[in-house]
């Protein structure tokens, strides 16, 4: 083999080696990143008595967010079972509309909790109460919540059933005040939902919200539901399942 042929052969080997090296480095970085994230994980059940958010100085603790964690994880996990029944973690890791599904669930849970507490406080200030018909609807809502909850979640409740039912009652009172408010303002009900225009203007002008920095460390999809294996590729849990597919 002449010098030119040897040089060409070396280049070919180099072109093959570089992509393989990149893949190996990427896997190592990913594994190290997952290890780092697990070390800095913020465990919800270990911080129930810590302050999660303050609303004009009023403290909401992590335990006060339990309903919203259960609600969001139940909703998203059921979506995940439709998306990929074999590997529901895939859906949680999906990047959609500018953020991961797990991050979207975390943000939604906090936004709902803030909204519902604001409306509940306003309901109390305006002496809002539930009549008998509304109390019956509340009982049905509570029963529906527990029926819809996943079995795994029932085994991993962060707080008592009574505490969750109390939150659902507070939400009902807040919803009644919200209906009164929109009637007075002459706007649609959804304008004062947690993502509504009028509500967000009210929050911007009249409220100071301070969210605990640690809240962003919560991994939704791993609090009241759990996924044991890392998903290396979409639809595959790990090396064992790769072998089965061959």
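Residue numbers (the numbering used here): 28 to 273.
Glycine included, each C-beta is placed from N, C-alpha and C at the ideal position.
Whole-angstrom distance between residue j and residue i, CA atom to CA atom
i	j	result
residue 239	residue 70	14 Å
residue 173	residue 115	22 Å
residue 206	residue 113	42 Å
residue 97	residue 187	12 Å
residue 110	residue 124	17 Å
residue 165	residue 196	7 Å
residue 220	residue 209	10 Å
residue 223	residue 143	13 Å
residue 182	residue 211	43 Å
residue 192	residue 199	11 Å
residue 245	residue 80	14 Å
residue 107	residue 127	13 Å
residue 230	residue 72	29 Å
residue 243	residue 156	35 Å
residue 232	residue 105	37 Å
residue 122	residue 163	40 Å
residue 67	residue 150	39 Å
residue 216	residue 82	22 Å
residue 152	residue 185	29 Å
residue 154	residue 228	24 Å
Same chain only: Cβ atoms within 6 Å of residue i, ignoring 5 sequence neighbours per side
i	result
residue 74	89
residue 86	78
residue 129	119, 247 and 248
residue 7	Lying before the first or after the last residue shown, residue 7 is absent from the chain, which here runs from 28 to 273.
residue 218	224 and 225
Pick from the options that is closest to residue i, judged by C-alpha positions
i	options	result
residue 168	151, 94, 235 and 229	94
residue 147	186, 194 and 99	194
residue 161	82, 209, 203 and 80	203
residue 189	91, 105 and 117	91
residue 141	243, 129, 245 and 226	226
residue 103	175, 163 and 154	175
residue 145	236, 185, 217 and 157	236
Burial state of residue i (16 or more Cβ within 10 Å)
i	result
residue 84	exposed
residue 261	Its pLDDT being 48, under 50, residue 261 is placed unreliably in this model, and the value from its coordinates should be taken loosely. Classification of residue 261: exposed, given that the 10 Å Cβ count is below 16.
residue 234	exposed
residue 171	exposed
residue 138	buried
residue 159	exposed
residue 201	buried
residue 178	exposed
Nonlocal neighbours in the same chain, by C-beta distance under 7 Å from residue i, ignoring five residues either side
i	result
residue 131	none
residue 99	132, 135, 136 and 247
Beta bridge counterpart(s) of residue i as assigned by DSSP
i	result
residue 78	88
residue 123	126
residue 249	None, per the DSSP bridge assignment.
residue 238	80
Cβ neighbours of residue i in the same chain (closer than 8 Å, five flanking residues each side left out)
i	result
residue 180	97, 100, 101, 251 and 252
residue 241	69, 74 and 77
residue 214	225
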